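Enquirer: Shown below is the structure under consideration.
Number of protein chains: 2
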Amino acid sequence: MTGTGMPIVGMVGGGQLARMTAAAAIGLGATFRVLATSNSESAALVTHDVAIGSHASLPDLSKFAAHCDVITFDHEHVPTEYLEELASAGTLVRPGPAALRYTQDKLAMRTRLEELGVPVPRFAPVSSAADVTEFTQGKWPVVLKAISGGYDGKGVWVVHSAAEAAEVLSHGVALMAEEFVPFRRELAAQVARSACGQGAAYPVVETVQVDGICREVIAPAPGLPADLAIEAQELALRIASSLGVTGLLAVELFETSRGLLVNELAMRPHNSGHWTIDGALTSQFEQHLLGGTDPDIYDRYIHVMAADPGVKVHFYGKEVRPGRKLGHVTVVGRPGDPVDSLRDRARRAASYLRWGIEDGN
Amino acid sequence: MTGTGMPIVGMVGGGQLARMTAAAAIGLGATFRVLATSNSESAALVTHDVAIGSHASLPDLSKFAAHCDVITFDHEHVPTEYLEELASAGTLVRPGPAALRYTQDKLAMRTRLEELGVPVPRFAPVSSAADVTEFTQGKWPVVLKAISGGYDGKGVWVVHSAAEAAEVLSHGVALMAEEFVPFRRELAAQVARSACGQGAAYPVVETVQVDGICREVIAPAPGLPADLAIEAQELALRIASSLGVTGLLAVELFETSRGLLVNELAMRPHNSGHWTIDGALTSQFEQHLLGGTDPDIYDRYIHVMAADPGVKVHFYGKEVRPGRKLGHVTVVGRPGDPVDSLRDRARRAASYLRWGIEDGN
């Protein structure tokens with residue numbers, strides 16, 4: 001930990017998710033490091049403390065983790081066995097390997113969600129064109145997915161015949177087949193879960209994918225019936241809890257004529273949550289940083305947020321000295337709110353924080 | 001400039017203003033550097049590119065400026081003659097030395113404002129207890145101010161007698177006397193001005209100082225009559241324009257029974273504008289970064305902002321490659337706004353930005 005009592009959070013991966021997390025860490029007063037593959041990566045350009053190395057190298061990961069209080073991830077490409085080795089060597093890995101494996105193995109994810117009673121598209125592992133043909137029950141097209149390593153539409157094929165399936169199988173990648181779902185639209189439910197199990201849900205959003213890439217997000221999803229919105233949020237909170245997710249979980253869903261189906265999971269900040277920087281009081285990046293650490297580290301925040309979730313805290317990362325400005329708090333009201341009550345809320349929060357700091361907690 | 005066409009902005013000074021500017025630069029896609037006196041300064045903890053050196057050393061400043069497209073400031077303590085040397089050596093200094101000198105020399109500032117017809121407290125330079133006694137016209141207390149180098153209430157003395165004045169004069173600091181203003185409250189008017197002269201005003205705020213330090217800010221100032229608010233904003237815009245300020249200008253004001261009086265100027269992000277991070281679409285730190293550069297650098301932003309000031313742009317700092325995600329835009333509506341029109345605004349902005357990027361402008 002740093003001299004200010006704030007944790008050192010390390011993020012493996014130097015993409016734009018890590019970049020936006022770096023911006024969030026500044027306001028939270030957390031010390032932030034990234035493990036990037038090069039100095040020109042999006043987050044490496046703006047983060048104070050950049051380690052250059054590979055997420056696929058255990059020595060690089062171990063060296064990086066040695067200078068962090070907790071590590072978390074910008075993507076899901078770190079091999080599970082490395083995550084387990086880091087965890088057993090004493091590194092705080094958030095989310096933990098037991099949760100993250102479900103983002104790396106789509107077959108395990110689908111199987112586990114089905115066990116939990118979560119609605120998912122029909123699926124089966126396949127290793128031959130005959131397997132695929134049997135799976136279709138005569139109904140083409142069918143979706144083939146790489147069990148591991150796909151992202152942004154890569155590793156997903158819609159095939160219309162046994163011959164097309166054979167062509168995909170010839171790549172030698174472990175595959176699963178999935179029914180082709182004629183969905184109305186795609187939705188995403190994002191939730192944050194703390195290390196001690198508290199959960200919070202963002203409004204459910206509509207996402208528009210173009211060529212497998214998220215092009216547009218509308219929050220909240222227009223015209224989504226309240227019961228479906230609640231079902232999606234409850235589903236996401238239940239999945240987060242059942243899989244032991246710490247930090248952010250994004251659940252990508254199909255809205256279909258037979259209800260909601262879970263498509264993908266991401267246990268990190270997600271495309272579908274970028275709107276929260278500008279449209280929510282606490283962004284997904286802040287939630288991820290707050291969720292990814294031990295509960296005792298953020299005592300002061302937790303105190304203030306429990307007392308008044310509408311207060312925005314900004315820390316300057318400074319060591320405590322008498323009379324020194326260490327941060328500020330903001331309360332934003334709406335037209336017509338009494339100014340006195342807004343000011344009282346800000347004063348109460350500042351007093352909590354100052355007391356915490358003065359007593360050296 | 002960087003490969004993405006975004007400028008390298010250097011801020012002299014590593015305090016919390018630079019820290020919050022670093023966070024703003026991340027979203028704007030600007031490359032940000034700070035010149036800090038030590039690695040433990042607030043901004044040095046979170047900025048990727050930190051130079052260690054002194055703002056009072058011309059060699060340190062020149063070395064720092066050589067790696068920046070434009071330099072700006074977290075405080076007003078860089079000697080004017082160094083700023084002039086940097087500018088004549090070709091460094092883009094924003095705000096320029098001709099403007100900044102008014103934040104470093106309170107006597108010059110008061111004199112210039114009086115010439116401009118701006119209401120200020122009665123003042124005069126003093127060098128003896130007799131000067132002070134003559135200035136008071138028999139009415140104590142009177143305020144003595146260090147002409148240079150004061151901040152946060154330091155360098156300001158309220159004296160009640162010639163003996164007290166003599167004690168302050170004995171410090172050997174160049175002083176001016178100022179009438180003691182029995183103000184109702186303190187206000188601040190913050191404006192941003194671009195290099196080509198466009199200006200924008202934030203709502204006028206009420207500030208509460210305790211022991212010379214800004215303790216509370218209420219935006220907008222409660223109960224401020226509309227005509228006074230407009231007068232304060234117009235005053236600030238006029239001062240920014242007359243003094244040639246680029247970037248942020250904060251004008252600290254006294255609200256008195258005889259109207260508004262200008263107390264202090266700051267040509268940088270300011271305590272009284274921290275609320276804009278959470279309470280305004282574009283924060284004072286973003287405005288300062290946008291204002292501090294040549295107009296042609298931010299063509300894309302200017303285009304989008306002119307077309308729709310309600311769009312929030314986030315760049316990831318990545319080099320352009322076909323199919324690569326380079327950023328995102330957000331439009332936040334209010335309850336009842338038609339979703340289609342919000343989406344159209346976001347699409348239009350994204351299209352402008354993409355077009356600009358694709359054509360390599």
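Top to bottom, those sequences are chains A and B.
Residues 1 to 361, numbered by the working numbering, are exactly what the first sequence covers, in order.
Residues 1 to 361, numbered by the working numbering, are exactly what the second sequence covers, in order.
Yeah, the Cβ is synthetic: ideal placement off N, Cα and C, and Gly gets one too.
Keep in mind the model is a prediction, meaning the values are calculated, not measured.
#1: Starting from residue 312 of chain B, trace the beta strand (DSSP E) in both directions and tell me its first and last residue.
#2: First and last residue of the alpha helix (DSSP H) that includes residue 106 of chain B?
#3: Return yes when the Cβ of residue 182 of chain B is within less than 8 Å of the Cβ of residue 256 of chain B, no when it is not.
#4: Under 8 Å between the Cβ atoms of residue 132 of chain A and residue 94 of chain A?
#5: Mind listing which residues of the segment 221 to 236 of chain B have their C-beta closer than 8 Å to chain A's C-betas, in chain order?
#6: Give, in chain order, every unbroken run of the alpha helix (DSSP H) that is at least 4 residues long and sits entirely within the segment 58 to 111 of chain A.
#7: Quick check: the Cα distance between residue 74 of chain B and residue 290 of chain A, rounded to an integer number of angstroms?
#8: Taking only beta carbons into account, state which residues of the segment 339 to 352 of chain A come closer than 7 Å to chain B, listed in chain order.
#9: With 16 as the cutoff for other CB atoms within 10 Å, does residue 281 of chain B come out buried or exposed?
#10: Compare the Cα-Cα distances from residue 154 of chain B to each of B:209, B:91, B:112 and B:277 and report the closest residue.
#11: Mind listing which residues of the segment 64 to 89 of chain B have their C-beta closer than 9 Å to chain A's C-betas, in chain order?
#12: Within the 8 Å Cβ cut-off, does residue 172 of chain B reach chain A?
#13: Report the three-state DSSP secondary structure of residue 341 of chain B (helix, strand or coil).
#14: For the segment 112 to 144 of chain B, list the alpha helix (DSSP H) runs that are entirely contained and at least 4 residues long, ordered along the chain.
#15: Where does residue 307 of chain B land, buried or exposed, given buried means 16+ other C-beta within 10 angstroms?
#16: Within 10 angstroms of the Cβ of residue 279 of chain B, are there 16 or more other Cβ atoms? Answer buried if so, exposed if not.
#17: Is the beta carbon of residue 158 of chain B closer than 8 Å to that of residue 141 of chain B?
#18: Taking the Cβ atom as the reference point for each residue, do residue 192 of chain A and residue 247 of chain A lie within a distance shorter than 8 Å?
#19: Excluding the 5 residues flanking residue 44 of chain A on each side, which residues of the same chain have their C-beta closer than 6 Å to its C-beta?
#20: So residue 23 of chain B contacts chain A; which residues on that side make the cut at Cβ distance below 7 Å?
#21: Might you give, ordered along the chain, the residues of its own chain that have their beta carbon closer than 6 Å to the beta carbon of residue 344 of chain B, omitting 5 neighbours on each side?
#22: When you compare each of A:331, A:165, A:338 and A:340 to residue 349 of chain A by their alpha carbons, which one comes out closest?
#23: What is the DSSP secondary structure of residue 230 of chain A, counted as helix, strand or coil?
#24: Comparing alpha-carbon positions, which option in A:117, A:219, A:90 and A:111 lies nearest residue 123 of chain A?
#25: I need the DSSP call for residue 193 of chain B, collapsed to helix, strand or coil.
#26: Using a Cβ-Cβ distance cut-off of 8 Å, determine whether residue 278 of chain A contacts chain B.
#27: From what residue to what residue does the alpha helix (DSSP H) around residue 252 of chain B run?
#28: For residue 240 of chain A versus residue 272 of chain A, is the C-beta spacing smaller than 8 Å?
#29: Which value, in whole angstroms, describes the spacing of the CA atoms of residue 92 of chain A and residue 300 of chain A?
#30: Assuming contact is defined by CB atoms lying nearer than 8 Å, are residue 23 of chain A and residue 27 of chain B in contact in what I supplied?
#31: Who are the near neighbours of residue 147 of chain B in its chain, counting only those whose CB is closer than 7 Å to its CB and skipping five residues on each side?
#32: Evaluate the contact criterion for the segment 219 to 237 of chain A versus the segment 192 to 206 of chain A: three or more CB pairs, one atom per stretch, below 8 Å.
#33: Taking the alpha carbon of residue 100 of chain B as the reference point, which residue from B:117, B:160, B:72 and B:90 has its own alpha carbon closest?
#34: By the 10 Å Cβ neighbour count, where 16 or more other Cβ atoms means buried, how is residue 320 of chain A classified, buried or exposed?
#35: Under 9 Å between beta-carbons, which chain A residues line up against residue 383 of chain B? List them in chain order, please.
Expert: Well, looking at it:
#1: 311 to 315
#2: 106 to 115
#3: yes
#4: no
#5: 222
#6: 58 to 65, 80 to 88 and 97 to 104
#7: 29 Å
#8: 339 and 343
#9: exposed
#10: B:209
#11: none
#12: no
#13: helix
#14: 129 to 136
#15: exposed
#16: buried
#17: yes
#18: yes
#19: 14, 36 and 50
#20: 23, 26 and 27
#21: none
#22: A:331
#23: helix
#24: A:111
#25: strand
#26: yes
#27: Looking at the DSSP string, residue 252 of chain B is not in any alpha helix (DSSP H); the run it does join, the beta strand (DSSP E), is 247 to 256.
#28: no
#29: 21 Å
#30: yes
#31: 105, 106, 107, 174, 175 and 176
#32: yes
#33: B:72
#34: exposed
#35: Since the displayed chain B opens at 1 and closes at 361, residue 383 of chain B lies outside it and no answer follows.
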